Amino acid sequence: MEDHHFEGGRERFLKTELSRDENREVVRRLLAGSLRRPSQDQTERSGLDGRQEAVRYDEAFRRTERHLDEAHERIQRERQLAVVQWGTLEGHPQTRRLIVARNDERLHHWGLFDLLLEKSREHVETSAAASVGLAELALAVAERLDLEVYGEERVADFKTAALASLGDARRRAGDLAGARLAFSQARINLEMGTGDLLEEAGLLGGLVKLLCDLGEYGKAAQSLERASALSRRMGQVKATRQEKKKTDDEERREDWKGMAG
33 MEDHHFEGGR
43 ERFLKTELSR
53 DENREVVRRL
63 LAGSLRRPSQ
73 DQTERSGLDG
83 RQEAVRYDEA
93 FRRTERHLDE
103 AHERIQRERQ
113 LAVVQWGTLE
123 GHPQTRRLIV
133 ARNDERLHHW
143 GLFDLLLEKS
153 REHVETSAAA
163 SVGLAELALA
173 VAERLDLEVY
183 GEERVADFKT
193 AALASLGDAR
203 RRAGDLAGAR
213 LAFSQARINL
223 EMGTGDLLEE
233 AGLLGGLVKL
243 LCDLGEYGKA
253 AQSLERASAL
263 SRRMGQVKAT
273 RQEKKKTDDE
283 ERREDWKGMA
293 G
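In this note's numbering, the protein residues as written are 33 to 293.
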């Protein structure tokens, strides 16, 4: 049953549907040889069966490597395409940009979303209006990403990030009601996402600032308390992951020794 769940996890991993922790677990098990790798008895047993198991493991590992290479190449292509597409959009008024971003399917990919979000964050200190426009574009793209390609939870994370940036940009532009709405929508998408602690921390940081601007200091204090608890939790998670990585590395070395023997 465990192998059956792992097979399903591997398929979701290759489609980028898993959370970060789940991705790490799949990679760990692949490297450790959990995907039909020879057992201790098999490695001690000479003959054709042991060699066939080793060949199947090697083929599975190579297939995974190819999928990872393809995913990396896709990311690079999307990044390069985004630069060209933004060069085409940049000269148009914001209304025109939004119409094109919502209706041109060629723009509906992660690379353009990521570029727009980055530019929105870059402009937030110098031009709140420009930052708002870029965050709106990033959100328009995120809302139209293919769930089959990127995964439903990851798309929810992307929308959370875009809405959090939009909320902060609106706050800086003086649109406090619009900022509140954006943060509220970001919270909804956060709950549908992968549970990324960094996304939640960023959202809480922006929300605290908004509540202070609104004079709602009690709520701001509560949000700040949650942010502090989250920070402590992130520190604990980091320490746990470091310890887990150390254990995984030791297990992996033993696995490779067993396979080599």
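All C-beta atoms in this analysis are idealised placements derived from N, C-alpha and C, irrespective of residue type, glycine included. For clarity, every value in this text was computed on a predicted model and none was experimentally measured.
| Item | Value |
| --- | --- |
| According to DSSP, is G183 helix, strand or coil? | coil |
| I want to know whether the segment 178 to 189 touches the segment 200 to 218 - three or more CB-CB distances under 8 Å. | no |
| Sorted by chain position, which residues of the same chain lie with C-beta nearer than 8 Å to L262's C-beta, five sequence neighbours on each side aside? | L229, E232, A233, L236 |
| Which residues in the same chain have their Cβ closer than 6 Å to the Cβ of D200, if we skip the five residues on either side of it in sequence? | G238 |
| Tell me, please, whether the segment 117 to 126 touches the segment 171 to 180 by the rule of three or more beta-carbon pairs shorter than 8 Å. | no |
| In angstroms with no decimal places, state the Cα-to-Cα distance between R94 and G247. | 58 Å |
| Give me, in chain order, the residues of the same chain whose beta-carbon lies closer than 8 Å to that of L147; leave out the 5 immediate sequence neighbours on both sides. | R111, A114, V115, W118 |
| Would you tell me roughly how many angstroms separate the C-alpha atoms of Q254 and T158, rounded to the nearest one? | 30 Å |
| Out of curiosity, what's the CA-to-CA distance linking A211 and D245? | 11 Å |
| What span of residues does the alpha helix (DSSP H) with L246 cover, start to end? | No alpha helix (DSSP H) holds L246; DSSP gives it neither H nor E. |
| Assign T226 to one of three DSSP states: helix, strand, or coil. | coil |
| Which residue from G225, A259, L195, M224 puts its Cα closest to that of V164? | L195 |
| Does the beta-carbon distance from L169 to A133 come in below 8 Å? | yes |
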